[in-house]
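Participant:
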Amino acid sequence: MLLKGIKVLDLSNLLPGPMCSLFLADLGADVVKIESLNGDPMRYFESINQNNSSSYFLALNRNKRSISLNLKTDEGRKIFMRLSRDADVIIEGFRPGKVDALGIGYKAIKKINPKIIYCSITGYGQKGAYKNKAGHDLNYSSLSGLLDVMSAKPSVPGIQVADVGSALIAAFSILASLFYRERGGKGEYIDVSVFDSVLSLISIHIAQCSVHKNSRTILSGSKPCYNVYETKDGRNVSLGAIETKFWKSFCNASKRKYLLPKQFDDSSATMKEMKMLFKSKTMDEWLKLNKKYDFCCEPVKKIQEVLNDSHFNSRKTIIKLDGLKQIAMPVLFSSIEKLNYTKAPKLGEHTSKILSSIGYNKEYIRNLRTKGVLL
1 MLLKGIKVLD LSNLLPGPMC SLFLADLGAD VVKIESLNGD PMRYFESINQ
51 NNSSSYFLAL NRNKRSISLN LKTDEGRKIF MRLSRDADVI IEGFRPGKVD
101 ALGIGYKAIK KINPKIIYCS ITGYGQKGAY KNKAGHDLNY SSLSGLLDVM
151 SAKPSVPGIQ VADVGSALIA AFSILASLFY RERGGKGEYI DVSVFDSVLS
201 LISIHIAQCS VHKNSRTILS GSKPCYNVYE TKDGRNVSLG AIETKFWKSF
251 CNASKRKYLL PKQFDDSSAT MKEMKMLFKS KTMDEWLKLN KKYDFCCEPV
301 KKIQEVLNDS HFNSRKTIIK LDGLKQIAMP VLFSSIEKLN YTKAPKLGEH
351 TSKILSSIGY NKEYIRNLRT KGVLL
């Protein structure tokens with residue numbers, strides 16, 4: 001495994017932090033999820049199964065171990081500091097200043113482990129006018145301009161773009177820091193802002209706006225050649241004929257050569273004609289034409305259709321774990337024949353084993369549970 005031997009302590013909840021540590025865990029890192037005695041709120045967020053865990057939690061926390069720990073107690077903080085001595089990475093998602101107030105912030109950890117990679121993922125970062133504001137994915141997406149870019153009429157996206165984007169950025173920042181540490185021996189503090197992460201996702205739109213005063217690009221769904229259309233049978237297809245060769249193929253396939261000069265014509269007349277054109281054939285008919293002429297046309301599939309797609313199954317993109325179909329690490333490595341996957345942990349499932357590994361005996365652990373330090 002690529003990250004075998006890397007020890008990660010994950011203090012985060014909900015989506016950004018857990019998804020970040022999920023990538024590390026899938027690649028072989030030993031991720032210990034440190035939860036409060038009540039557990040990560042994501043455990044109880046919709047779709048509760050027989051183990052009192054939601055599908056959201058199960059999908060985000062496979063390949064991890066769980067320890068329940070009350071960090072508001074002296075004993076709880078002492079245990080965390082002991083675990084931190086041997087850790088390579090710490091991930092946290094509290095509001096700025098919270099971990100410092102608890103005595104487990106970067107400065108405190110650095111004193112006992114100078115090589116630690118400490119990653120804080122917050123809504124607006126550790127500094128700036130917004131740093132103490134509360135927020136969720138939808139708030140970051142609206143404040144950053146993402147919702148304006150996505151649609152002429154802002155609406156709630158079907159996925160958590162901001163949270164997922166920040167998780168990816170946090171993960172590769174941690175990997176870069178680990179590589180830097182290997183070369184220079186130094187640890188690192190990483191300040192990840194979900195808001196900044198969203199801005200990085202719309203960088204081309206920001207560049208466009210600085211030139212044309214308009215954030216809408218040819219990829220924003222306003223042009224004939226790059227859009228989603230309803231078909232005769234009530235399904236939808238996407239057309240991505242941006243390059244001239246693909247647009248030409250589309251015009252030939254649809255027998256509408258007079259549309260050649262209208263590839264980027266977003267007038268109401270052209271858009272109306274395109275909509276009528278696509279409604280003249282069923283989805284399957286358009287897909288057959290695409291197979292013959294090659295003009296970048298694909299169906300808008302429902303999730304269940306995707307899960308049954310032979311292409312994804314051939315790449316082993318979909319795995320079954322905890323009774324759920326999940327997406328595996330979406331990369332194939334030449335040196336790894338098969339990645340291993342274990343079920344998401346129950347709350348505090350590995351508390352005793354982890355504490356025993358650092359020298360705590362059974363009686364002391366039992367006493368800590370009685371005192372409310374552990375679950």
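To convert, note that position 106 of the sequence shown is 106 in our numbering; the numbers rise steadily by one, no gaps.
Quick reminder that beta carbons are idealized off the backbone N, C-alpha and C, glycines included.
In this text the structure is predicted, and so the values were computed from the model without any measurement.
1) CB Ile91 to CB Leu168, shorter than 9 Å?
2) Does the contact criterion of 3 or more C-beta pairs under 8 Å hold for the region 228 to 244 versus the region 283 to 297?
3) Examine the ligand FMN and report whether any of its heavy atoms sits within less than 8 Å of the Cβ of Ser352.
4) Do Leu60 and Met42 have their beta-carbon atoms positioned less than 9 Å apart in this structure?
5) I believe Ile121 touches Leu178 by the beta-carbon criterion, under 8 Å. Please report the beta-carbon distance rounded to the nearest angstrom.
6) Identify which residue in Leu3, Ile202, Ser68, Leu321 has its Cα closest to the Cα of Gly372.
7) How big is the Cα-Cα spacing for Thr73 and Leu22?
8) Can you tell me which of Leu15, Tyr341, Gly323 puts its alpha carbon nearest to the alpha carbon of Met329?
9) Can you tell me the Cα-Cα spacing of Met274 and Glu230, whole angstroms?
10) Tell me where the alpha helix (DSSP H) around Ile204 begins and ends.
11) Who are the Cβ neighbours of Asp40 in its own chain at under 6 Å, not counting the five residues just before and after it?
12) Quick one: is Pro261 buried, meaning 16 or more other Cβ sit within 10 Å of its Cβ, or exposed?
13) For Asp10, write down the residues that DSSP places opposite it in a beta bridge.
14) Could you give the distance in angstroms between the alpha-carbon of Lys131 and the alpha-carbon of Ile174?
15) Using beta-carbon positions only, say whether Asp26 and Leu321 come within less than 9 Å of one another.
16) According to the Cβ coordinates, are Arg62 and Lys343 closer than 9 Å?
17) For Met19, count neighbouring Cβ atoms within 10 angstroms of its own Cβ and tell me buried if that reaches 16, exposed if not.
18) Return the first residue and the last residue of the alpha helix (DSSP H) that Val228 is part of.
19) Quick check on Gln304: buried or exposed, where buried means 16 or more other Cβ atoms within 10 Å of its Cβ?
20) In angstroms, rounded to a whole number, what distance separates the CA positions of Gly128 and Ser210?
21) Could you tell me the distance, in whole angstroms, from the CA atom of Gly103 to the CA atom of Leu2?
22) Give the secondary structure of Leu307 by DSSP, where H, G and I count as helix, E and B as strand, and everything else as coil.
23) Beta strand (DSSP E) containing Pro299: first to last residue?
24) Counting C-beta neighbours from all protein chains within 10 Å, is the total for Arg366 16 or more, i.e. buried, or is it exposed?
25) When DSSP labels each residue in this structure, what does Tyr118 get in the three-state scheme?
26) Excluding sequence positions up to five away, which residues of its chain have a Cβ less than 8 Å from the Cβ of Asn214?
27) How would you write the range of the beta strand (DSSP E) that Gly365 sits in, first residue to last?
28) With 16 other CB atoms within 10 Å as the buried threshold, where does Met283 fall?
29) Which same chain residues, not among the five before or five after Gln263, have their C-beta less than 6 Å away from its C-beta?
30) Who are the near neighbours of Asp191 in its chain, counting only those whose CB is closer than 7 Å to its CB and skipping five residues on each side?
31) Between the Cα of Ile79 and those of Tyr56, Thr370, Tyr360, spot the shortest distance and give me the residue it belongs to.
32) If contacts are defined as beta-carbon pairs under 8 Å, then Ala171 and Leu24 qualify, I think. What distance do you get, rounded to the angstrom?
33) Hey, how far is the Cα of Asn113 from the Cα of Glu349?
34) Out of Asn236, Ser55, Asp88, point me to the one whose CA is closest to Gly185's CA.
35) Just the C-alpha distance for Gly105 and Asp30, rounded to the nearest angstrom, thanks.
36) DSSP has Glu188 in a bridge; who is on the other side?
Facilitator: Reading off the structure:
1) no
2) In short, these stretches touch, since the Cβ pair count reaches three.
3) Summarising the ligand content, the structure contains no ligands, and the ligand FMN is consequently not present.
4) yes
5) Taking C-beta atoms under 8 Å as the contact rule, Ile121 and Leu178 fail to qualify, at a distance of about 17 Å.
6) Nearest C-alpha to Gly372 among Leu3, Ile202, Ser68, Leu321: Ser68.
7) 28 Å
8) Tyr341
9) Distance between the alpha carbons of Met274 and Glu230 is about 10 Å.
10) 203 to 212
11) Asn13
12) That one is exposed.
13) DSSP lists Lys33, Ile91 as partners of Asp10.
14) 22 Å
15) Taking 9 Å as the Cβ cut-off, Asp26 and Leu321 do not qualify as a contacting pair.
16) yes
17) buried
18) Note, Val228: premise wrong, no alpha helix (DSSP H); beta strand (DSSP E) at 226 to 230.
19) exposed
20) 23 Å
21) 32 Å
22) In the structure shown, Leu307 falls within a helical segment according to DSSP collapsed to helix, strand and coil.
23) 297 to 299
24) By the neighbour-count rule (16 or more Cβ atoms within 10 Å), Arg366 is not buried but exposed.
25) strand
26) Gln208
27) It should be pointed out that residue 365 corresponds to Ile in this sequence rather than to Gly. Segment 362 to 370 is the alpha helix (DSSP H) holding Ile365; no beta strand (DSSP E) there.
28) Here Met283 is buried: its Cβ has 16 or more other Cβ atoms, across all protein chains shown, within 10 Å.
29) Cys225, Trp247
30) Ser120, Gly125, Gln126
31) Nearest C-alpha to Ile79 among Tyr56, Thr370, Tyr360: Tyr360.
32) In this structure Ala171 touches Leu24 by the C-beta definition: roughly 7 Å separates them, less than 8 Å.
33) 27 Å
34) Asp88
35) Straight-line Cα distance between these residues: approximately 21 Å.
36) Ile117
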